[in-house]
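Residue numbers (the working numbering), protein chains in the order written: chain Z, 10 to 227; chain X, 10 to 227; chain L, 10 to 227; chain P, 10 to 227; chain D, 10 to 227; chain R, 10 to 227; chain B, 10 to 227; chain Y, 10 to 227.
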């Protein structure tokens with residue numbers, strides 16, 4: 010097996026290539042890790058749950074920083090340097106959204122950005138959101154994670170100046186199973202300025218947030 | 010053509026049979042009106058837009074109380090008596106939802122109930138909703154009309170004690186065209202106690218509201 | 010892990026917050042239970058099947074009133090006091106719908122309401138429904154649970170004065186797999202006054218029924 | 010333009026080929042009629058609304074027996090002989106279903122079968138159906154036409170011995186627009202023995218009914 | 010647990026009630042069997058795979074005639090008497106459709122009808138179908154089972170006089186996963202007289218075939 | 010308005026760029042034609058119906074070879090030279106498919122290829138297909154156009170050696186409205202070697218056929 | 010009629026409220042314009058096509074800056090001041106995407122931002138995109154408009170540092186009718202950093218771009 | 010159990026019948042293999058994963074050439090003779106697409122064709138594709154495998170003369186789960202000449218490629 014990894018992607022686009030694990034065999038993931046180790050590259054693995062992680066050979070798992078809740082693993086330093094750039098804030102509607110929020114936070118960290126996670130601010134109890142409004146309004150870019158009907162996206166976008174990246178999560182059942190309703194709520198939002206990424210795509214939200222924060226520096 | 014109308018439905022279920030017009034030919038509607046006039050019955054017609062109304066023969070249109078915005082027409086008195094029962098409140102997210110809200114209000118009136126319409130309270134500008142909260146919280150049953158992403162349903166249900174009947178409206182475009190997103194948001198709402206009717210079904214929402222208000226009297 | 014539970018929701022909306030378990034990890038559920046115990050609060054857990062229940066740590070399971078068929082668990086007294094309020098009736102089309110009906114009954118009980126479950130009244134054998142009509146017509150609010158094609162909703166709504174809350178269940182296969190057909194039948198019902206909640210959402214139906222029954226008392 | 014019509018189909022399968030008009034140009038329909046006249050063949054045209062009928066050249070329309078409500082036209086005698094075979098009964102849930110019911114009746118007539126249409130027996134007023142039960146139970150094959158949620162199919166199939174051919178009609182709006190809900194209700198029916206044809210396919214229902222009635226004669 | 014079984018359904022509609030097992034718990038199935046044994050009734054169980062069958066208590070399994078391929082089980086005699094009525098023929102497009110075909114055959118047998126299964130007649134090798142044409146054309150009613158694109162339904166309906174009951178099977182992958190394409194092919198068939206039942210619904214197809222065969226005897 | 014046309018596409022890929030008209034304004038189409046005339050280039054316009062064609066300014070329509078049935082127009086010579094290459098055969102299931110078949114034929118002609126159209130070979134009357142089998146089997150590449158259930162694709166692919174390009178047409182109603190069923194039948198075909206293009210995409214089928222025929226010459 | 014416009018939205022979120030016209034009646038639009046004129050406010054109207062514009066009363070149309078291609082109209086100055094902020098670039102895959110691109114450009118202008126539109130850079134002729142790469146890479150935020158399969162989004166996001174806002178357009182037919190395929194391509198993009206808005210939502214893309222450009226100034 | 014295998018299919022259509030395993034029981038697969046061994050025929054099995062392979066009886070597995078990644082097994086020689094025909098090239102967007110690409114390669118080999126697999130050429134890093142362009146442009150027919158948004162199909166079809174067979178793979182999550190987006194991208198491609206097969210259908214792509222390559226020899 011040979012792989013063509015795109016190490017230059019960071020330079021070209023500001024975001025590194027990540028390894029999406031859940032459609033790969035353990036053998037394929039192990040071979041990619043071998044290659045990265047040989048070439049002395051840091052690597053971010055996403056959508057790697059505990060079962061898949063444990064199915065990797067020992068030589069692959071050693072030194073991997075694995076996080077079960079976010080289903081991510083990092084080869085090499087979790088963060089590229091000592092200094093971390095602020096500006097992003099992650100908001101999660103409920104406890105069930107913390108896995109996706111964690112994927113975003115880990116991706117930001119991998120690229121040198123730090124972001125607090127503000128949880129349990131679903132709109133059914135609006136006061137919980139209002140109580141945290143100040144912490145949210147400081148954001149220069151906001152990542153909002155919500156499942157079910159995704160009403161949080163519209164409510165929050167009407168309250169802040171920052172661009173809002175909506176990450177629909179596959180939390181729900183019946184019509185909201187698999188996150189389609191939350192996704193559509195983000196896209197159909199009556200509040201202008203809401204931007205959507207794929208369902209459960211914490212990585213993509215973080216990648217876009219990084220690109221937005223880099224805008225200022227140019 | 011002969012028709013079997015269900016005049017006894019009011020006694021049996023509390024709500025009269027209405028004539029859904031948009032799948033009927035002008036000839037069929039005219040024949041139904043003739044029958045009602047002959048039997049001296051009041052009649053509520055729904056989903057009858059101006060074009061369809063004008064295509065009816067003259068003898069059918071005379072004495073009909075036609076309302077263009079709500080696309081309804083009433084044969085006989087608009088309201089059954091002098092006294093009207095209060096308790097229902099209708100909330101419409103935006104101007105485009107007023108047609109559906111009107112269908113609900115006209116149906117309530119036809120049965121002897123009166124309900125104010127509170128408009129322009131979409132969640133993108135939360136203050137507009139908050140400014141009307143007192144008027145909303147007096148409701149014993151709330152009819153909420155919203156299209157696009159339907160976030161209003163969850164927000165409002167978290168703020169009131171009354172049961173909330175969500176009427177998704179077919180306002181929107183792209184993913185929210187035809188009201189599917191608003192409908193799914195109502196069904197997947199994170200706020201318990203939200204009840205949904207079919208898209209644009211102001212009549213059904215009013216019928217249910219009447220049944221709920223009648224509960225108290227039993 | 011820290012959680013922001015909405016203990017005041019009962020006061021604000023008449024219905025307590027419940028913990029939807031199937032999208033949470035055992036660790037998250039255990040932490041929420043710890044918090045509730047610390048704060049001496051009763052708590053309702055839904056969508057917790059036997060396997061998930063057994064994966065909780067021992068300290069979490071002790072004292073939990075677990076019911077396998079309805080996949081619910083209650084911390085603290087199952088019912089808030091000695092007196093239970095009547096008025097709701099639950100109808101289940103078939104044996105397979107009893108789990109969802111049970112979720113509704115347990116939720117009602119948790120809030121101090123009692124409701125009989127009337128089962129096996131599918132419309133393919135209309136006499137079974139007719140035989141129970143008197144028990145059904147006493148309801149001040151009716152919760153109807155049905156899967157497959159959901160014809161029960163329309164038939165029953167044409168026979169009773171009470172508002173009908175339709176709970177589509179995910180019982181069926183082929184086109185009716187996952188409850189979509191039953192849901193759509195509820196929404197498209199030719200009988201006015203049918204109100205729908207999400208598929209399998211016994212909790213939501215009960216929450217709405219409680220709100221409706223509380224209307225009378227105001 | 011030349012056409013290969015399948016005149017032998019009646020011998021082979023018991024049902025004649027019909028001309029589905031709404032996807033053909035007026036020129037194509039006119040050419041097919043010319044061919045049939047030249048070869049002295051009777052011909053059934055379906056899905057030909059008034060506008061399309063009027064767009065045909067004069068030579069095509071003369072002698073055509075056109076029926077607006079069912080959107081059918083027949084070249085030659087409407088029925089093949091003096092004697093008509095009974096056994097089929099057509100039931101229509103509401104006034105809006107009469108066009109589709111008419112297509113079935115005209116197709117049956119074209120092949121020498123006669124069938125009464127029993128209308129306005131929707132399940133929201135069950136007594137209307139029950140009042141006609143005797144007329145329905147004589148059927149050796151039943152064609153049932155219903156739109157919206159299609160609950161009629163299940164109710165009726167639980168009451169009769171005859172096979173039930175369900176024809177979903179595209180009557181409804183919101184989730185039931187275009188007849189999908191009624192179709193799915195037929196397919197997911199809890200009453201065994203319900204058979205479905207395509208939405209609005211009165212012709213296909215009649216064709217199958219003819220095949221079923223011919224079974225007895227073999 | 011108590012159940013209201015519809016033992017009189019055979020008299021009323023010609024087809025017995027069957028127990029759809031895959032949405033019931035083992036406890037529920039066992040209780041139903043107990044009831045049937047107590048009342049000395051024969052019983053047909055469908056959609057009961059080996060795993061579910063083995064999860065039943067011993068007292069339930071004894072004397073049950075279980076068939077793994079068709080996932081059916083019969084309590085009491087497999088067939089009601091010595092004489093079996095012919096007239097139905099079952100055609101299966103491929104080997105993978107034999108489970109569904111078997112459900113139809115077992116249902117027919119339970120009611121006293123016998124039907125041969127003709128397999129491996131998919132249209133990609135038309136000669137295989139043509140080689141069996143004589144055996145197929147004797148049918149008074151034809152049950153055709155096919156998955157994938159379901160082209161068999163149209164081809165066969167153009168070749169026989171008998172009514173064709175199409176049973177789409179959930180055989181396929183990609184766009185044809187879960188049988189939707191085969192179902193839609195049956196409904197949209199260019200050959201008149203094709204009747205459809207739900208995906209994998211061998212039971213329903215047999216029930217309808219029985220009703221059709223009974224037509225002759227009246 | 011300025012346009013960047015890809016005149017070099019023929020050299021690069023063997024197929025010229027065509028102008029898809031139905032999503033363009035008359036002004037945009039006229040400007041593109043002006044450009045092509047100025048640069049003395051031949052041009053193929055697709056999806057231009059009579060109404061759109063007539064809305065073009067006079068200067069645009071002069072010299073355009075417009076064909077109503079296929080909704081195509083050609084600027085310059087219809088065919089690039091005197092000699093036309095054979096090898097492609099177009100098969101159309103019914104009369105209603107001739108528009109799409111015509112788009113394919115016109116596209117082939119524009120590129121110097123000639124293909125006969127064989128019509129009315131739907132599988133409901135298999136003998137019509139069999140009668141033309143010899144004309145079909147000479148094809149080196151076959152374009153098959155069918156709507157409704159698209160069974161033709163599988164039947165024909167089982168009978169010929171040539172690759173079969175399936176063009177689903179938007180002919181049908183109910184479940185087959187808009188061509189989705191025919192498309193899915195092509196993709197799920199039980200006969201290997203069926204290749205699909207988009208619904209109604211006669212142009213794309215011809216483009217692919219040209220590429221296939223060019224394979225031999227390399 | 011009275012309206013509650015959210016004039017303060019610009020201050021709160023950086024983007025003004027716009028009037029989505031296509032779900033409003035001419036009377037409603039006229040009343041909103043009257044209000045704006047009375048309060049001396051600038052106003053942006055979107056999704057107002059020529060037919061709707063012409064149906065407004067004369068007093069409403071005078072002074073309105075109407076643009077047919079983008080279906081927008083502006084009351085008051087098109088741009089808020091003399092100075093316009095650069096940084097956004099709009100890319101349109103084809104001529105048919107220029108209407109949506111224009112809505113984005115007009116919205117940017119209304120808020121004081123200027124953005125060039127680079128058209129005809131679809132990926133089927135990659136050289137056209139590459140020829141404009143320098144003009145594209147200067148963008149601090151990129152708005153990309155594409156219909157059909159939307160491959161442009163992934164290709165362009167792999168080439169630039171700026172965040173890419175994908176606007177799927179409803180250009181296409183068959184499976185790509187109504188823009189769903191392009192939307193899904195944006196969401197499923199293999200290139201990280203692609204952000205999606207609703208189909209045809211040029212306004213929303215511009216609103217988000219403004220929020221992103223404002224990030225730098227804070 | 011008896012089976013009617015279509016050994017003559019190779020002669021008739023150029024491609025052998027293959028055994029699609031994942032909808033068959035181990036017993037059925039074993040019986041088919043027995044038949045093939047008895048009749049001394051080579052046989053290709055597809056969609057047979059390791060678990061299913063291991064569930065076959067020992068007598069079935071001996072001598073089977075099983076390949077885990079492509080989930081294929083071959084009875085008899087992997088290739089029919091010593092000489093292999095070139096001309097096909099397989100391109101895979103990412104590592105996760107290698108299973109589907111392998112199914113195509115194994116099918117080609119079984120019929121005597123050889124094709125290189127060129128991997129990791131996704132469009133997010135266009136340089137990886139460009140670096141392999143020469144190897145790709147030699148193809149006389151190209152098989153392209155891609156999941157997620159499937160942008161590769163359009164990009165590659167704009168760069169080569171050969172016909173492109175697009176195989177959407179079920180790689181992705183959220184909206185792209187199960188391969189629908191990639192399939193639709195292939196069908197809606199803006200680059201003419203893209204031909205699609207079903208999702209994950211490496212076998213079908215190879216079958217079509219063989220038919221195309223055989224065109225030259227006739």
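All C-beta atoms in this analysis are idealised placements derived from N, C-alpha and C, irrespective of residue type, glycine included.
When the beta-carbon positions are compared, residue 166/X and residue 206/X stay at least 8 Å from each other. Listed in chain order, the non-local C-beta contacts of residue 186/P below 7 Å within the same chain number zero, local neighbours out to five positions each way being set aside. Taking all protein chains in view, the Cβ of residue 90/Z is surrounded by fewer than 16 other Cβ atoms within 10 Å, so the residue is classified as exposed. Residue contact with chain P for residue 98/L: absent (no Cβ-Cβ distance below 8 Å to any residue of chain P).
In the DSSP assignment, residue 63/X falls outside any beta strand (DSSP E) and within the unbroken alpha helix (DSSP H) covering 59-63. Cα atoms of residue 16/L and residue 77/L: separation of roughly 26 Å, rounded to the nearest angstrom.
The residue from 56/P, 159/P and 155/P with its alpha-carbon nearest to that of residue 182/R is 56/P. Excluding residues up to 5 positions away in sequence, 23 lie with their Cβ nearer than 6 Å to the Cβ of residue 220/Z in the same chain. It is roughly 10 Å from the alpha-carbon of residue 168/R to the alpha-carbon of residue 200/R. Counting along the chain, the unbroken beta strand (DSSP E) around residue 29/D starts and ends at 27-29. Three or more pairs of CB atoms, one per stretch, sit closer than 8 Å, so the region 110-128 of chain R contacts the region 69-88 of chain R. Interface annotation for the region 136-163 of chain Z against chain B: 149 and 150, criterion Cβ-Cβ distance under 9 Å. When the five nearest sequence neighbours on each side are left out, the beta carbons in the same chain lying within less than 8 Å of the beta carbon of residue 92/P are those of 121, in order along the chain. In the three-state reduction of the DSSP assignment, residue 209/Y falls in the coil class. At a cut-off of 8 Å between beta carbons, residue 28/Y makes no contact with chain R. Legend: CB atoms of the region 186-202 of chain R lying less than 7 Å from CB atoms of chain D belong to residues 190, 193, 194, 196, 197, 198, 199 and 200. For the region 93-117 of chain Z, no residue has a beta-carbon sitting nearer than 7 Å to a beta-carbon of chain B.
As summarised for the region 89-130 of chain D, the continuous alpha helix (DSSP H) elements at least 4 residues long and confined to that stretch are 107-119, given in chain order.
With respect to residue 42/D, residue 69/D sits close: the two C-beta atoms are nearer than 8 Å. Contact with chain X is absent for residue 204/Z, since none of that chain's Cβ atoms lies less than 8 Å from the residue's Cβ.
Around the beta carbon of residue 142/B, fewer than 16 other beta carbons sit within 10 angstroms, so the residue counts as exposed.
Bounds of the beta strand (DSSP E) holding residue 82/X are 81-84.
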